[in-house]
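Quick notes on the structure that follows.
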Amino acid sequence: MIKLTGVSKHFGSHQALKNIDLEVPAGQKLVVIGPSGSGKSTLIRCMNMLEKPSAGQVIVDGVDLTAHRAPIAKVRQSVAMVFQQFNLYPHKTVLENLTLAPIVVRGVSKDEATETALQYLERVGLSEKKDKYPAQLSGGQQQRVAIARALNMHPKIMLFDEPTSALDPEMIQEVLEVIVGLADSGITMVVVTHEMGFAKEAADRVIFIDEGEILEDGTPIHFFENPQHDRTKLFLSKILR
Amino acid sequence: MSEFFASIGFLQEGPFAVPRWEALFEKGMDTLWQGAATTLLVASLGLALALVLGIVIGVMSASHWRIPRAFARGYVEFFQNTPLLIQVFMLYNALPLLFEGLFLPVVTIGILGVGMYHGAYIAEVVRAGIQSIGRGQLEAALSQGFGYVGAMRYIVVPQAMRIVLPPMTNQAVSLIKNTSVIAIIAGGDLMYAGDSFAGRFGHYGPTYVMVGLIYFLMCFPLAILARRLEERLRAD
Ligand SMILES: Nc1ncnc2c1ncn2[C@@H]1O[C@H](COP(=O)(O)OP(=O)(O)OP(=O)(O)O)[C@@H](O)[C@H]1O
Ligand SMILES: [Mg+2]
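Residue numbers (the working numbering), protein chains in the order written: chain A, -17 to 223; chain B, 34 to 269.
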């Protein structure tokens, strides 16, 4: 479903990604773990071309996004992203946040977009907030709306870049529960997170990335109980205590 | 009472003498109101043009497309750094030479003149507004499959507009006042009407006071509106 081949990314003289090869099969729940500045965001943002790789190939849903004149916007319609800072549209109500792109980008009728939007809001437990503006919601509620907004595009792939890192501790759980709930669906998911509990519970596969390289790649059990690299062990010893 | 007025020298003789005021109210006001109507016409169509140009060029200069951005920069620098008076003069005198026989009506020249000139200023306001909207908004829109133009139209520009409404309203105020440049090409506007009435009879004093007052009446409500908008923005 997602295939990166030899992907590198330079920011000036700094190399954020070093020759990454990674294939994510359809339906997989991949968790990406790594220290700050290791290139996790850069990696996940290459998957929908918010970051253009300096070298290498990115193929998503059978389309080579690194090709000249690739239909990037078209592919993005089925690759939803949930951001650390939510990035809801502040001038739109919750319901409009969910329906805008389906109506304008996908050409879904307003009635249909609204109907599915209400179902997804129900699913994230926020039906009664549909006419509120994002600023009137708590951080956890905003992130759940952002997830519902992503779902209302009926994506094949969902990308999460540290979806709980900007939240107060008491709100992290409500958001994680929603994401875990999605893990049962057939959607391919890539989740960058520092929540080790979530990785254990929901991931099919964990990769550990450090200084732009994938150091570990395997099941959650492999990652937590049998890491291969000293840098991984060091990271785990700091984060798990 | 009349003794009191009689004691005020400048009402007896000189530019502000009472008979001059009487002449203005008897013979001049019709001309001035007609001029004011022309000024309002030029100002409102000029403002519409300035808004369209300002938004399009503002979006272009905030974009990452090299050629549109270079064009937008050139446009803004040209119109901001030459006097409006000369731009209008060129439209009136040079255009017919460049394009043979292209004599535009003076009102059209006025609309084009203030529209293009203030379009440049509004473009700068719009660009600053767009750049004040966090990059996350553009990225969220792009990630949903919007193109750059769609992301601007539905997500970024509407948010920027709220922020730039007060400075934009101030631009509308200067635009109204700047329509007075077409007086130099016999534009038939309020300034021109004032000039010609005053010139004909020499009643400069009362005429310019009245012309100033009428401009004030057109601009002041907008200035109030700008302040209101600014306060509302600060409130939330
Ligand atoms: N736009 C940019 N310009 C310059 N350098 C960048 C840019 N984006 C990222 N970098 C650099 O690339 C490296 C990887 O950044 P990235 O954001 O991918 O890290 P991360 O693993 O997501 O970190 P964090 O956990 O802090 O979010 C960092 O050293 C960062 O400073
Ligand atoms: Mg990051």
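We put the beta carbon where it would ideally sit given N, CA and C, even for glycine.
With DSSP as the reference, label residue i as helix, strand or coil.
i	result
S207(B)	helix
L25(A)	helix
F(-7)(A)	strand
D166(A)	coil
T(-13)(A)	strand
Q39(A)	strand
F142(A)	strand
R131(A)	helix
F190(A)	strand
L135(B)	coil
D222(B)	coil
V182(B)	helix
D93(A)	helix
D63(B)	helix
Establish whether the CB of residue i and some CB of chain A are separated by less than 9 Å.
i	result
S94(B)	no
V175(B)	In the sequence as presented, Val is not what sits at residue 175(B); that position holds Leu. Judged by the 9 Å Cβ criterion, L175(B) is in contact with chain A.
R195(B)	yes
Y241(B)	no
E172(B)	yes
I163(B)	no
Q192(B)	yes
G183(B)	yes
G91(B)	no
T100(B)	Looking at the sequence shown, residue 100(B) is not Thr but Ile. Chain A, which has no Cβ nearer than 9 Å to the Cβ of I100(B), makes this no.
I88(B)	no
F179(B)	yes
Y225(B)	no
I188(B)	yes
Pop quiz: residue i and residue j are said to be a contact at Cβ under 8 Å. What is the actual Cβ separation, rounded to whole angstroms?
i	j	result
D222(B)	G68(B)	5 Å
I(-16)(A)	V57(A)	Actually they do not touch by this definition, with Cβ atoms about 11 Å apart.
L25(A)	I191(A)	7 Å
M251(B)	L73(B)	7 Å
S176(B)	N30(A)	6 Å
F104(B)	M93(B)	7 Å
L77(A)	K22(A)	With a Cβ gap of about 32 Å, L77(A) and K22(A) do not count as contacting.
Check whether the Cβ atoms of residue i and residue j sit closer than 9 Å, and answer yes or no.
i	j	result
M63(A)	L103(A)	no
R187(A)	T201(A)	yes
F68(A)	P116(A)	yes
A130(A)	L108(A)	yes
V86(A)	F179(B)	yes
L141(A)	V172(A)	yes
V121(B)	V214(B)	yes
I15(A)	A132(A)	no
L70(A)	Y187(B)	no
V(-11)(A)	P53(A)	no
R260(B)	P200(B)	no
V139(B)	Y125(B)	yes
G107(B)	A156(B)	no
Based on DSSP bridge pairs, tell me the residues matched to residue i.
i	result
K11(A)	M171(A)
I196(A)	I191(A)
M63(A)	L141(A)
I2(A)	V(-11)(A)
Check whether the Cβ of residue i lies closer than 9 Å to any Cβ atom in chain B.
i	result
M(-17)(A)	no
Q59(A)	yes
Q118(A)	no
P35(A)	no
R126(A)	no
L25(A)	no
S123(A)	For clarity, residue 123(A) is Gln in the given sequence; the question names Ser instead. For Q123(A), the answer is no, since every Cβ of chain B falls outside 9 Å of its Cβ.
L77(A)	no
P7(A)	no
F65(A)	yes
Does the Cβ of residue i lie closer than 8 Å to at least one heavy atom of ligand 3?
i	result
S18(A)	Annotation note on ligand 3: not contained in the displayed structure, which lists ligand 1 and ligand 2 as its ligands.
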